[in-house]
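Below you'll find the structure, written out as C-alpha cells, and then a few comments.
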Ligand code: SF4
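Residue numbers (the working numbering): -10 to 476.
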C-alpha cells in the first residue's frame, strides 16, 4: 500500500492510524506526487485556498472512496492533522468494519495523556468530552483510562523530583518465545552462555558507577527492578553475586520496592527463590501466559502449565507475598474459552498481581517471520473484556496501562493488583514520572525533568555491552548536567 501526501507531511500520525486497520501492512511513500501510483493507496491532501480543504482518499481492491472537510484558513498543523486523522478513521471504519477502541489516540501511554490534563486542572467531564468527541475513544476505554488515572493518584502524589528507580537488565532466556521481539539471548547457545560471567562482572561495575552518580546528586532510591529477559535464567550463585552487589552499593531500606522477574517456570527452583528472598526482594513474577499446554507448545515454551502452579506454590513457601502472573490475549491457537479458563485459574490461585497483555506481532519475532496474522481482532477484544470483568469482580484493580505497536485490534496491556499490592515501579515507568537509572545491555536511563525527559541508551547486545563498556560509562557521565537540574 502506498501512502501519498499532498500539501502536508503528516506521515507519522497517518501511518499509525492506517496501521490500526491494517497492522502488518508494508508501506511505500509518495510526497507531492504528480500522478498517483498504481494499486492500493491512501492519499492525504491539505489544500490551502480561501479555506483549508482536507481530503482523504482510499483506493483498495480497485475501488476508490473519499472523505473531505473544510476548516477556516489556519496556519497551524495541529487542527488539520487531527481532522485528517478523524476523516481517515471514519473512512477506514466504513471500509473495514473495524472500530479501534482507542480511536485515533495512537500513543503508547494513554493514561499519561489523561494524567497531564488532570494535573492541568481539567475536569473528568472535560477530559471525557475531548477523548470521545475529538479522539473517538470508546466509552469502555474512556472509563478504563480514567479509572487507572484515579488509581495511580496516591503513588504519583508521593513521588518527589529527586526520587529514582534502579533497573537492571538480564537479557537471557532459556529459549526464545515465538512472539518475542526483545534482544534476549537463548542461553542454550554456547556462545551466549560463555559470555554470562563476563557480562555479570561488567554489570556489577556499572552498578557501582551508577550508585556513585545517585549519591553525588542526592537521589533517593524508591524501587529496584531486575527484568530482562528472564533474570532467573542465571544460576543461584550468579543471582547471589548480582543481588549482593545491589545490597553493597544501594540503600535497600524498607521503603524500597524490590522486584525480580522470574518469568519462566523452567528457570525457577527453590534455591534461586531463596536467594532472591534473602536478598530482600518481595515482588516476583511467575508468568503462565496461558494455562493451556497446547498453546504453550504453540508459542515455543518447553514447560507444562502445571509447572507454573508448582513454582508458584514454592514461591509462597519461601515467603513471597507479592506475586505477579502475566497472561497474553490473542496467542496463536488460543480460543476465547481457553483464555477465559486461564484467567479463572489465575483468580483461583490469588496472585496479588495479574497483568493481561494483548499479543503484539513485532517484525523481529518468529511469529511475524512465520506470517502469523489473526484474521479477526474481535475474539481478542472479547478476551481482554472478559479479563477486565472477571478480575475487577474478583477485587483486582487496574492500575497501569500501556500499548505497543502492532497489537491485535490495537488493544492494551493492563496491570491489575489486589489493594495494597500496586507495583510502584510499573507506574513510574509507564507514566514517565520518575528518573530511572538503568544498567545492563539494552537498558535505558531517563532523567525526568519538568516538561522534559533526557534518555541515555546502553548497547543492546551483551557482546557490545562488554566490548564497549567504557563508552557505556561515558554515556552515563552525560547524565550529570541533567541530574544537576533536578529541582
Ligand atoms: S520469556 Fe520474554 S524475553 Fe524471554 S524469550 Fe520469552 S518473550 Fe522473550
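Backbone N, C-alpha and C define an ideal beta-carbon position, used for all residues, glycine too.
Q. Quick one, are the C-beta atoms of residue 292 and residue 255 less than 8 Å apart?
A. Walking along the chain shown from the start, residue 292 turns up at place 303. Walking along the chain shown from the start, residue 255 turns up at place 266. With contacts defined by Cβ atoms closer than 8 Å, residue 292 and residue 255 form a contacting pair.
Q: Report the option in 365, 208, 30 and 169 whose CA atom is closest to the CA atom of residue -6.
A: Sequence index remark: in the chain shown, residue -6 carries index 5 (1-based). Among 365, 208, 30 and 169, the Cα nearest to that of residue -6 is on 30.
**Q.** Per-residue DSSP class, three states only, for residue 320
**A.** In the chain shown, counting from the first residue as 1, residue 320 sits at position 331. Residue 320 carries a coil assignment under DSSP once its states are collapsed to helix, strand and coil.
Q: Return the chain-ordered list of same chain residues with a C-beta closer than 6 Å to the C-beta of residue 212, the five sequence neighbours on each side being excluded.
A: For the purposes of this step, residue 212 is taken as residue 223 along the chain shown, with counting starting at 1. Within the same chain, and ignoring the five residues on either side of residue 212 in sequence, the residues whose Cβ sits closer than 6 Å to its Cβ are 154, 246, 413 and 414.
Q: Could you tell me how far apart the beta carbons of residue 124 and residue 77 are, in whole angstroms, since I believe they sit closer than 8 Å?
A: Position 135 of the chain shown, counting from 1, holds the residue named residue 124. Position 88 of the chain shown, counting from 1, holds the residue named residue 77. Between residue 77 and residue 124 the Cβ distance is about 13 Å, and since that is not below 8 Å, they are no contact.
Q.
With a threshold of 6 Å on Cβ separation, who are the neighbours of residue 355 within its own chain once the five nearest residues in sequence on each side are excluded?
A. Numbered from its first residue, the chain shown carries residue 355 at position 366. Excluding sequence neighbours, residue 355 sits near 167.
(Q) Assuming the contact rule is C-beta atoms closer than 8 Å, residue 311 and residue 410 should be a hit. Round their C-beta distance to whole Å, please. (A) Counted from its first residue, the chain shown places residue 311 at position 322. Counted from its first residue, the chain shown places residue 410 at position 421. The pair is a contact, with the Cβ atoms about 5 Å apart (cut-off 8 Å).
Q: Measure the alpha-carbon distance for residue 229 versus residue 267 and round it to whole angstroms.
A: Here residue 229 refers to the residue found at position 240 when the chain shown is read from its first residue. Here residue 267 refers to the residue found at position 278 when the chain shown is read from its first residue. So the alpha carbons of these two residues sit roughly 9 Å apart.
Q. Can you give the beta carbon distance from residue 399 to residue 9, rounded, assuming they're within the 8 Å contact cut?
A. By one-based count along the chain shown, residue 399 stands at place 410. By one-based count along the chain shown, residue 9 stands at place 20. Yes, residue 399 and residue 9 are in contact; Cβ-Cβ is about 5 Å, under 8 Å.
**Q.** Start and end residues, alpha helix (DSSP H) containing residue 394
**A.** Position 405 of the chain shown holds residue 394. Neither: residue 394 is in no alpha helix (DSSP H) and is coded neither H nor E.
Q: Please confirm whether any heavy atom of the ligand SF4 lies closer than 7 Å to the CB of residue 171.
A: Here residue 171 corresponds to residue number 182 of the chain shown, with the count starting at 1. Answer for residue 171: yes, Cβ within range of the ligand SF4.
Q.
Under 8 Å: do the segment 370 to 385 and the segment 422 to 441 share three or more Cβ pairs, one atom per stretch?
A. Not touching, per the Cβ criterion.
Q.
Run through the DSSP bridge pairs and tell me what residue 311 is partnered with.
A. Taking the first residue of the chain shown as 1, we reach residue 311 at position 322. DSSP, once it has assigned bridges, lists 272 as partnering residue 311.
Q: Find the nearest neighbour of residue 435 within the set 451, 408 and 468, judged by alpha-carbon distance.
A: Here the question's residue 435 lines up with position 446 in the chain shown. Its Cα nearest to that of residue 435, the residue 468 stands out among 451, 408 and 468.
Q) According to the neighbour-count rule (16 or more other Cβ atoms, all chains shown, within 10 Å of its Cβ), is residue 146 buried or exposed? A) For the purposes of this step, residue 146 is taken as the residue at position 157 of the chain shown. Residue 146 comes out exposed.
Q. Taking the C-alpha atoms as reference points, what is the distance between residue 248 and residue 92?
A. Residue 248 sits at position 259 when you count from the first residue of the chain shown. Residue 92 sits at position 103 when you count from the first residue of the chain shown. Going by C-alpha positions, residue 248 is about 34 Å away from residue 92.
(Q) Just verifying my parser: in three-state terms, what is the DSSP assignment at residue 437? (A) Working through the chain shown from its first residue, we reach residue 437 at position 448. Residue 437 sits in a strand when the DSSP states are folded into three classes.
Q.
For a test of your reading of the model: does the CB of residue 221 fall under 7 Å from any non-hydrogen atom of the ligand SF4? Yes or no.
A. Position 232 of the chain shown, counting from 1, holds the residue named residue 221. Answer for residue 221: no, Cβ out of range of the ligand SF4.
Q.
On a Cα-Cα basis, can you pick out the residue from 26, 96 and 23 that is closest to residue 3?
A. Residue numbering aside, residue 3 sits at position 14 when the chain shown is read from its first letter. Between residue 3 and the set 26, 96 and 23, the nearest pair of CA atoms involves 96.
Q: Can you grab the Cα-Cα spacing for the pair residue 286 / residue 343, in whole Å?
A: Numbered from its first residue, the chain shown carries residue 286 at position 297. Numbered from its first residue, the chain shown carries residue 343 at position 354. Rounded to the nearest whole angstrom, the C-alpha separation of residue 286 and residue 343 is 22 Å.
Q. Rounded C-beta distance between residue 189 and residue 237? I'm assuming under 8 Å.
A. The residue labelled residue 189 in the question sits at position 200 within the chain shown. The residue labelled residue 237 in the question sits at position 248 within the chain shown. Not a contact, Cβ separation roughly 14 Å.
Q. When you compare each of 109, 42 and 158 to residue 449 by their alpha carbons, which one comes out closest?
A. Against the chain shown, residue 449 aligns to sequence position 460. For residue 449, the nearest C-alpha among the options comes from 158.
Q.
Could you check if residue 253 belongs to the surroundings of the ligand SF4, using beta carbon to heavy atom distance under 7 Å?
A. Stepping through the chain shown from its first residue, residue 253 is reached at position 264. Indeed, a heavy atom of the ligand SF4 lies less than 7 Å from the Cβ.
**Q.** 6 Å CB neighbourhood of residue 308 in its chain, flanking five on each side removed
**A.** Position 319 of the chain shown, counted from the first residue, corresponds to residue 308. Counting only Cβ-Cβ distances below 6 Å, and skipping sequence neighbours, we find 266.
Q: Check whether the Cβ of residue 319 sits closer than 7 Å to any heavy atom of the ligand SF4, and report yes or no.
A: Counting from 1 along the chain shown, the entry for residue 319 is found at position 330. For residue 319, the Cβ stays outside the 7 Å cut-off from all heavy atoms of the ligand SF4.
Q.
Using CA atoms only, rank isn't needed, just tell me which of 447, -3, 209 and 42 is closest to residue 22.
A. On the chain shown, residue 22 is found 33 positions in, with the first residue counted as 1. Among 447, -3, 209 and 42, the Cα nearest to that of residue 22 belongs to -3.
Q: Whole angstroms is fine: what's the gap from residue 113's alpha carbon to residue 421's?
A: Against the chain shown, residue 113 aligns to sequence position 124. Against the chain shown, residue 421 aligns to sequence position 432. Spanning the two alpha carbons is a distance of roughly 21 Å.
Q: Determine the burial state of residue 349: buried for a count of at least 16 other Cβ atoms within 10 Å of its Cβ, exposed for fewer.
A: The sequence position of residue 349 within the chain shown is 360, counting from 1. Taking every protein chain shown into account, the CB of residue 349 has 16 or more other CB atoms within 10 angstroms, so this residue is buried.
Q: Please find out if some non-hydrogen atom of the ligand SF4 comes closer than 7 Å to the beta-carbon of residue 218.
A: The residue given as residue 218 occupies position 229 in the chain shown. Yes, Cβ of residue 218 sits closer than 7 Å to a heavy atom of the ligand SF4.
**Q.** Anticipated Cβ contact below 8 Å, residue 225 with residue 264, distance rounded
**A.** Taking the chain shown and counting its residues from 1, the one referred to as residue 225 is at position 236. Taking the chain shown and counting its residues from 1, the one referred to as residue 264 is at position 275. That belief holds up - the Cβ atoms of residue 225 and residue 264 are roughly 5 Å apart, short of 8 Å.
Q: Work out the CA separation of residue 404 and residue 271 for me, nearest whole Å.
A: To locate residue 271, count along the chain shown from 1; it is residue 282. To locate residue 404, count along the chain shown from 1; it is residue 415. Using only the alpha carbons, I get a separation of about 18 Å.
Q: Give every residue of the same chain whose Cβ lies closer than 6 Å to the Cβ of residue 353, excluding the five residues on either side of it in the sequence, and list them in chain order.
A: Here residue 353 refers to the residue found at position 364 when the chain shown is read from its first residue. Taken in chain order, the residues that qualify are 170.
Q) Does the Cβ-Cβ distance between residue 475 and residue 198 come in under 8 Å? A) If you number the chain shown from 1, residue 475 lands on position 486. If you number the chain shown from 1, residue 198 lands on position 209. Taking 8 Å as the Cβ cut-off, residue 475 and residue 198 do not qualify as a contacting pair.
Q.
Tell me the DSSP secondary structure of residue 61 in three-state form.
A. The residue given as residue 61 occupies position 72 in the chain shown. DSSP, read as helix, strand or coil, puts residue 61 in coil.
Q. Considering only the beta carbon of each residue, do residue 284 and residue 322 sit closer than 8 Å?
A. Taking the first residue of the chain shown as 1, we reach residue 284 at position 295. Taking the first residue of the chain shown as 1, we reach residue 322 at position 333. Going by C-beta atoms, residue 284 is nearer than 8 Å to residue 322.
Q. What span of residues does the beta strand (DSSP E) with residue -7 cover, start to end?
A. The residue you call residue -7 lines up with position 4 of the chain shown. From DSSP, the beta strand (DSSP E) with residue -7 extends over -9 to -5.
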